[in-house]
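Numbering (our numbering), first residue to last: 204 to 451. All C-beta atoms in this analysis are idealised placements derived from N, C-alpha and C, irrespective of residue type, glycine included.
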Amino acid sequence: MLNINLSTILLQMANFFILVFILYRFLFTPLKKAMQKREEMVTKAMDDAANAKAEAEKVRQEYEQKSSNIDAEISARKNEARIVIEQTRQQMLNEVKNQTERFRHQTEDTLASLRTEAIQQHKQDIADLVAQFAREMMIGLMNPQLQKLYQEEFLDKVKGIDISKFVGTSSHNEEEYIKAIMAIEADQDFQDNLLALLKKQVSIPFNLTFETDEKLIAGGILRFENELIDGSLGGQINELKKQFQEDA
């Protein structure tokens, strides 16, 4: 039969409770605190990780937003640059077009001016040739009888003109000077006839002189202070030359 000693049991129980107290006091309590501290550290680490993750997400979103803004700004700058380039290109094209148009007008004006000058010069050259031909032909045909005839025509021309309006224009109270320029030397009869003709029309004192100029070909010129009467063949040829230039 099993022999149970009460005192032994009580002693073992006392040892157990002492062991439990010692374990609880010196092992379980520090272990519990260590586990709580560990749990707190893990919780803090998890919170820090969550915060870091949230901060990283925030940074990522900010980066994406900034990147999007940068892309938009770059696109806007590109559009602005394209607009500026296009405006500059259009401005340059317009300037080139305007310069080309101005050059075209200047060229047309220059060509028109050159054409007009060439035509005028051509008319002048032809008129000079016609006048020169007429002069040479009349000089070749001229004889004393024709010279006499042109002198008579000159007297008739002077007779048909109101000479009084050509004299008295001088500001000085002196006699009027009248010059007769003839193609050939005038004989005494012609001089007397011209002098008598002038005396009939000129009421103021005057002095009549005679000169010769072979360029007149035939006939003569009567020169006053500020006027002249051209009754020469050379003058007629010059008038024909002017008329030819105007009509050509």
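Three or more Cβ pairs drawn from the stretch 415-422 and the stretch 351-368 lie within less than 8 Å of each other, which places the two stretches in contact.
Minimum Cα-Cα distance from residue 388 among the listed residues 320, 347 and 325 corresponds to 347. Residue environment analysis places residue 434 among the buried positions, since at least 16 neighbouring C-beta atoms fall within 10 angstroms of its C-beta. For residue 399, the uninterrupted alpha helix (DSSP H) run begins and ends at 391-404, by DSSP. In the three-state reduction of the DSSP assignment, residue 383 falls in the strand class. For residue 411, the uninterrupted beta strand (DSSP E) run begins and ends at 409-415, by DSSP. The beta carbons of residue 409 and residue 378 sit closer together than 8 Å. One alpha carbon belongs to residue 444, the other to residue 411, and they sit about 31 Å apart. The alpha-carbon of residue 324 is positioned some 36 Å away from that of residue 364. Sequence-distant Cβ neighbours of residue 426 in its own chain, meaning closer than 6 Å and more than five residues away, are 382.
The criterion of a C-beta distance shorter than 8 Å is not satisfied by residue 446 and residue 327. Collapsing the DSSP output to three states places residue 420 in coil.
Our two residues, residue 394 and residue 401, have alpha carbons roughly 11 Å apart in a direct line. Comparing alpha carbon positions, the residue from 214, 248 and 405 closest to residue 380 is 405. Counting along the chain, the unbroken alpha helix (DSSP H) around residue 438 starts and ends at 436-450. In the DSSP annotation of this structure, the continuous segment of the alpha helix (DSSP H) that includes residue 216 starts and ends at 209-226. Following the DSSP letters along the chain, one finds residue 359 inside the alpha helix (DSSP H) bounded by residues 347-362. The alpha-carbon separation between residue 232 and residue 260 amounts to approximately 41 Å. Taking the Cα positions, residue 437 is about 9 Å away from residue 417.
At the C-beta level, residue 370 and residue 432 stay beyond 8 Å of one another.
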